[in-house]
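A.B. asks: Each residue of the sequence shown is one higher than the one before, starting from 140 at the first, in the numbering used here.
For glycine and all other residues, C-beta sits at the position ideal for the given N, C-alpha and C.
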Amino acid sequence: MDGVNEAKYNSAFAKDTFLILGAIALLIVVEGYVVFTILSEAGSAVAPAIRGIYILFFGLVVGIETIGYLQVRHSIKQHMFDFKYYD
140 MDGVNEAKYN SAFAKDTFLI LGAIALLIVV EGYVVFTILS EAGSAVAPAI RGIYILFFGL
200 VVGIETIGYL QVRHSIKQHM FDFKYYD
């Protein structure tokens, strides 16, 4: 790592990590609100099996997108010095 300010990079990477965590939290809140609104507005008109499918879908969407965000974080960490990401 020739001429790279490691403290600067680690500080900037920590900020990126907080942004990623914030995006994951926002994702969970917004998508949870949408699922909750759909299920609460529909009331008893929605069969319990459909409610289960909505909750399963919510879990899958949040899980897949969280994995994607964490892969982005891993990629940034792996290549930030190679590509001089924070310069």
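With three or more beta-carbon pairs closer than 8 Å as the criterion, would you say the stretch 208-224 touches the stretch 147-159?
C.D. replies: These segments touch.
A.B. asks: Would TYR225 and TYR148 be called neighbours here (beta carbons separated by less than 7 Å)?
C.D. replies: yes
A.B. asks: Just how far apart, CA to CA, sit LEU178 and THR205?
C.D. replies: 23 Å
A.B. asks: In whole angstroms, what is the alpha-carbon distance linking ALA184 and VAL173?
C.D. replies: 17 Å
A.B. asks: State the DSSP-derived secondary structure class of ALA181, mapped to helix, strand or coil.
C.D. replies: helix
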